[in-house]
Amino acid sequence: MDTIHACFKEKIGEVLLPGDVFSFRLPESGDGSIKTEKTICGPGLRRNGEEVQVCKSGILRHKQPNMYWIDSQQRRYVPAKGESVIGIVTAKSGDIFKVDVGGSEQASLSYLAFEGATKRNRPNVQVGDLVYGQFTIANKDMEPELVCIDSCGRANGMGVFGADGLLFKVSLGLVRRLLVPQSEIIKDLEKIFPFELVVGMNGRVWVKAKTVQQTLIVTNLLETCENMTSQQRQTLFKRVADGCL
Amino acid sequence: MAKDGAAKLSKNLLRMKFMQRGLDAEAKKQLDEEEKRIISDEHWFLDLPELKAKENYIIEERSYVPCEDLVYGRMSFRGFNPEVEKLMLLMNTHKEEEDEEEDDNVSRMETDITDEEMARRYESLVESMRKKFAKKRNRSTITKSEADVNCNDADNQPKKVFLKPQD
Numbered sequence: 001m002d003t004i005h006a007c008f009k010e011k012i013g014e015v016l017l018p019g020d021v022f023s024f025r026l027p028e029s030g031d032g033s034i035k036t037e038k039t040i041c042g043p044g045l046r047r048n049g050e051e052v053q054v055c056k057s058g059i060l061r062h063k064q065p066n067m068y069w070i071d072s073q074q075r076r077y078v079p080a081k082g083e084s085v086i087g088i089v090t091a092k093s094g095d096i097f098k099v100d101v102g103g104s105e106q107a108s109l110s111y112l113a114f115e116g117a118t119k120r121n122r123p124n125v126q127v128g129d130l131v132y133g134q135f136t137i138a139n140k141d142m143e144p145e146l147v148c149i150d151s152c153g154r155a156n157g158m159g160v161f162g163a164d165g166l167l168f169k170v171s172l173g174l175v176r177r178l179l180v181p182q183s184e185i186i187k188d189l190e191k192i193f194p195f196e197l198v199v200g201m202n203g204r205v206w207v208k209a210k211t212v213q214q215t216l217i218v219t220n221l222l223e224t225c226e227n228m229t230s231q232q233r234q235t236l237f238k239r240v241a242d243g244c245l
Numbered sequence: 246m247a248k249d250g251a252a253k254l255s256k257n258l259l260r261m262k263f264m265q266r267g268l269d270a271e272a273k274k275q276l277d278e279e280e281k282r283i284i285s286d287e288h289w290f291l292d293l294p295e296l297k298a299k300e301n302y303i304i305e306e307r308s309y310v311p312c313e314d315l316v317y318g319r320m321s322f323r324g325f326n327p328e329v330e331k332l333m334l335l336m337n338t339h340k341e342e343e344d345e346e347e348d349d350n351v352s353r354m355e356t357d358i359t360d361e362e363m364a365r366r367y368e369s370l371v372e373s374m375r376k377k378f379a380k381k382r383n384r385s386t387i388t389k390s391e392a393d394v395n396c397n398d399a400d401n402q403p404k405k406v407f408l409k410p411q412d
């Protein structure tokens, strides 16, 4: 689909507004010789019949070979299938737990969706616990569902975590910056002192360090990283590192 | 029961198996065709033009994770939580392996013994197993040919086979 890619390529790196449309004509179905490739529209882009419409304002990004998405900022999380999030257990009703993930609805988490859980052997989850899980169902028509195991039945680090530590909320853009491979913020933070971090795609971050003071320092650093350029961030981190050690 | 010449049997009765044994092939075919016509008349179908399912070339993806290749969310630094550090390695190399499936990158596992020791061990193992299952006559020949690097059989005596009497 050279026509689509051509339309998109012009706009990579540009700011787009909701309502912008990329349209193209499909080749006649009689032409078997033309090989059509699939284009993947990421978040912020929506398919509308044969057109692709922009539904969020932001910058168009591209990844080889055929993935396009809009890079935008927001604080409100919308559940999406396959994402790992931190949830807070709010209620226990019968066979499921109700978990608050920061979306419009509470997600449900079945008690069998933990590693090694059977009907007799219930997991030890109380109201107010933090769980790290993945969405199996997350669309606008149904209540989202979380699980704490993967498709093979292993936990892979999901489940209840964190006896101590601090949970706080950041914007979704910062979360993505933290989770990018070779993230600079993470590399700078590593140098200061040892700590543990759990990042949920719903904007929630949990931090635990050796002392309460260190935990608070890390929290404040992460919250301020939001609005700083990398230069400012590095000078700040250096100052903290010198001050600590 | 009034008989009007040939008894008037109903169609359903005629369609039963035991009534059709006496029929010849043509009559059977006609009956079959009639049945098909009846069935196709009664068969309900939508009177719409044939709609081909359009193959979608545009796939919608709602999550940022595949777009930006985000890493696993649990992290631990400088040995704060060794289990989480192990998990990090596991999940992130798992992701890298999926990306590099096309290149043949065989990750080297940590070994306790070197490859050479392993090869030597296997050599002697193969030797001893061969001796164990060799016939008594051949056992002495196996031990003899150790020193020779190329294992040439020139010095060894030819294998003793049964010589048929020529009478």
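So the protein lines, in turn, are chains U and A.
Under our numbering, the residue at position 73 of the first sequence is numbered 73, and the numbers go up by one with no gaps.
Our numbering runs 245 ahead of the 1-based position in the second sequence.
Ideal placement from N, C-alpha and C gives every residue a C-beta, glycine not left out.
| Check | Outcome |
| --- | --- |
| Spell out a yes or no on whether the region 285-296 of chain A and the region 177-195 of chain U are touching, meaning 3 or more CB-CB pairs, one atom from each, closer than 8 Å. | no |
| What does the alpha-carbon distance come out to for the pair Thr136(U) and Ser110(U)? | 11 Å |
| Could you give the uninterrupted runs of the alpha helix (DSSP H) lying entirely in the region 125-213 of chain U, keeping only those of 4 residues or more? | 172-179, 184-190 |
| Rank Glu226(U), Gly159(U), Ile59(U) by C-alpha distance to the C-alpha of Phe114(U) and give the top, closest one. | Gly159(U) |
| Is Ala91(U) helix, strand or coil when you go by DSSP? | strand |
| Roughly how many whole angstroms lie between the Cα atoms of Met374(A) and Ile96(U)? | 59 Å |
| Which residue from Lys404(A), Tyr367(A), Glu368(A) puts its Cα closest to that of Arg384(A)? | Lys404(A) |
| Counting only the same chain and skipping the five closest in sequence on each side, list residues whose C-beta sits under 7 Å from that of Lys256(A). | none |
| What first and last residue would you give for the beta strand (DSSP E) that runs through Met228(U)? | Where Met228(U) is concerned, there is no enclosing beta strand (DSSP E), given that its DSSP letter is neither H nor E. |
| With distances taken between CB atoms, is the gap from Phe325(A) to Phe195(U) smaller than 7 Å? | yes |
| Please list the partners that Val329(A) has in chain U, where partner means a Cβ-to-Cβ separation under 8 Å. | Gly157, Glu196 |
| Is Cys55(U) helix, strand or coil by DSSP? | coil |
| Is the Cβ of Pro43(U) closer than 7 Å to any Cβ of chain A? | yes |
| Since Lys81(U) is in the beta strand (DSSP E), which residue starts that stretch and which ends it? | Careful: Lys81(U) lies outside any beta strand (DSSP E) and carries neither H nor E. |
| Could you round the C-beta distance between Asn332(A) and Asn156(U) to whole angstroms and report it? I think they count as a contact, below 8 Å. | With the sequence shown as reference, residue 332(A) is identified as Leu, and Asn is not the correct amino acid for it. Their Cβ separation, rounded to whole angstroms, is 7 Å, which keeps Leu332(A) and Asn156(U) in contact under 8 Å. |
| Given a cut-off of 7 Å on the beta-carbon distance, is the pair Gly87(U) and Val125(U) in contact? | no |
| Alpha carbon to alpha carbon, what distance is there between Leu112(U) and Val89(U)? | 15 Å |
| Going by beta carbon distance, what residues of the same chain come within less than 8 Å of Leu146(U), once the five residues before and after it are set aside? | Val85, Gly87, Val99, Val101, Ala107, Ser108, Leu109, Ala113, Val131, Gly133, Gln134, Phe135, Thr136 |
| Using the beta-carbon of each residue, which ones in chain A are nearer than 7 Å to Gly82(U)? | Ser308, Val310 |
| How is the alpha helix (DSSP H) around Ala107(U) delimited, first residue to last? | Here Ala107(U) belongs to no alpha helix (DSSP H); instead the beta strand (DSSP E) covers 107-110. |
| Could you tell me which residues DSSP pairs with Ser321(A) in its beta bridges? | Glu196(U) |
| At the 7 Å Cβ level, is Glu313(A) part of the contact set with chain U, yes or no? | yes |
| Along chain A, in chain order, which residues have C-beta atoms closer than 7 Å to that of Pro181(U)? | Asp314, Val316 |
| Got a sec? Which residues, its chain only, sit under 7 Å from Asp129(U) by beta carbon, not counting five neighbours each side? | Val89, Val160 |
| Using the three-state DSSP reduction, which class does Leu60(U) fall into: helix, strand or coil? | strand |
| Would you tell me roughly how many angstroms separate the C-alpha atoms of Glu10(U) and Tyr309(A), rounded to the nearest one? | 22 Å |
| Can you name the residues of chain A whose CB is closer than 8 Å to the CB of Tyr132(U)? | Gly318, Arg319 |
| From the beta carbon of Val240(U), is the nearest beta carbon of chain A less than 7 Å away? | no |
| How is Phe22(U) classed by DSSP in three states: helix, strand or coil? | strand |
| Report yes or no: do the region 356-370 of chain A and the region 183-202 of chain U share at least 3 C-beta pairs separated by less than 8 Å? | no |
| What residue does the beta strand (DSSP E) around Met67(U) start on, and which one ends it? | 67-71 |
| Below 9 Å on C-beta distance, what does Leu334(A) contact in chain U? | Going along chain U, no residue has its Cβ under 9 Å from Leu334(A), so there is no contact; the nearest lies around 12 Å. |
| Would you tell me roughly how many angstroms separate the C-alpha atoms of Thr359(A) and Ser369(A), rounded to the nearest one? | 16 Å |
| Run through chain A and tell me which residues come within less than 8 Å of Glu115(U), C-beta to C-beta. | Under the 8 Å cutoff, chain A gives no residues; its nearest Cβ is about 13 Å from Glu115(U). |
| Are the beta-carbon atoms of Ile284(A) and Cys41(U) separated by less than 7 Å? | no |
| Can a CB atom of chain A be found closer than 7 Å to the CB of Ser151(U)? | no |
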